[in-house]
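Student: Residue numbers (our numbering): 8 to 275. My structure is below; once you've seen it, I'll send some questions.
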Amino acid sequence: MERLRSCTSSAVISKLKSAFARHGIAETVISDNGPCYSSEEFRRFADAWDFTHITTSPRYPRSNGLAERTVQTAKRILDKTMAENKDLYLALLEYRNTPVDNLQSPAQLLMSRRLRSILPMTGKQLQPHVAPQTAVHERREACQHRQQTYYNRTTRPLSHLPVGTPIRFWQEDGSWRPATVTQHADTHRSYYIQTRDGQTLRRNRWHLRESRETSHTNSTQNTNTHASHALPLHADTSQHTNTHVRRIHVEGDRRPNRKHHSDGVVKC
């Protein structure tokens, strides 16, 4: 955990360089779509330091669940140390020395040894011991499989959306706006969509509902063609104002209360 005095790309890059210098350059860095990560400066940094940068679905924090969970843990540690007027770094030391999820502590998994702290500890406990990676991965996979099994009991997989599918996407104000799927994103269950005003957005499948309405362009052309054949040249069209108003079928106007089916990669 590092302290950031600003959220600019330069500040984030400086902290990442420090971490990479201690532990080596990561092969893949996963982040949200914040301005500090989507800038040209960060893209050049990823190219220069030779790592792959992957962004998660916008407005869908669960796609970056591990980072979000870590942030919550860090906030709880900060709140408790401030409330009790304790040393933050001692709290972080004990957190890194504590076993989690039936595995070794974070310090043991990273450095193959316990860290000396103010708690009583024998010299034997401080001796380095390399944890068998195969056993660690097996226990972790078993835990994830158990969580996946319980989660899938009340979920169902969402259907795939081909390119060109008319959809409605959820807005934070609770409304559903019409759009069309234009491209599948690189990450799982993520799509690029185009709104009626020409704006291109990236959204997770959770935000999208397939619509029964036709695309805006085809609808306009069909309406104009039908109107030119149906109405006389000098007819009074005032009585036909609402003749070609289409009913749009969207089930529900509230925020989607749906869950994804877990197939091992749904959190990406």
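Think of the CB as a built atom: it goes at the ideal place given N, C-alpha and C, for glycine as much as any other residue.
Using the Cβ count rule (16 or more neighbours within 10 Å means buried), how would you classify A28?
Tutor: exposed
Student: Once you ignore the five residues that flank E101 on each side, which residues in its own chain have a CB closer than 7 angstroms to its CB?
Tutor: S124
Student: Kindly provide the ranges of any alpha helix (DSSP H) runs that are 4 or more residues long and lie completely inside the stretch 16-88, ordered along the chain.
Tutor: 16-30, 42-45, 47-55
Student: Can you list, in chain order, the stretches of the beta strand (DSSP E) that have 3 or more residues and sit fully within the stretch 102-183?
Tutor: 173-177
Student: Taking the alpha carbon of T172 as the reference point, which residue from D180, P185, I61 has its own alpha carbon closest?
Tutor: P185
Student: Keeping to the same chain, check which residues put their C-beta closer than 7 angstroms to that of H30; ignore five residues upstream and five downstream.
Tutor: No residues qualify anywhere along the chain.
Student: Cutting at 6 angstroms between CB atoms, please list the residues of its own chain near Q111, excluding the five before and the five after it.
Tutor: A138
Student: Do I37 and A98 come within 9 angstroms of each other at the CB atom, strictly closer than that value?
Tutor: no
Student: Could you pull out every residue in the same chain whose Cβ sits closer than 8 angstroms to the Cβ of R12, ignoring the five residues on either side in sequence?
Tutor: A18
Student: Since L122 and N104 are thought to touch, with beta carbons under 8 angstroms apart, how far apart are those beta carbons, to the nearest angstrom?
Tutor: By a beta-carbon distance limit of 8 angstroms, L122 contacts N104. Their separation comes to about 5 angstroms.
Student: Just verifying my parser: in three-state terms, what is the DSSP assignment at R210?
Tutor: strand
Student: Roughly how many angstroms separate the alpha carbons of F52 and L23, rounded to a whole number?
Tutor: 10 angstroms
Student: Pull the bridge partners of Y199 from the DSSP assignment, please.
Tutor: Answer is Q190, R209.
Student: Quick one, which of C14, F58, T15, N40 has its alpha-carbon nearest E34's?
Tutor: F58
Student: What separation, rounded to the nearest whole angstrom, lies between the Cα atoms of N211 and S166?
Tutor: 12 angstroms
Student: For R216, name the three-state secondary structure that DSSP assigns.
Tutor: strand
Student: Between which residues of its own chain and R253 is the CB-CB distance below 6 angstroms, once the five residues before and five after are set aside?
Tutor: Caution is warranted here: a pLDDT of 47 is assigned to R253, below 50, making its placement in the model unreliable, and no coordinate value can be reported.
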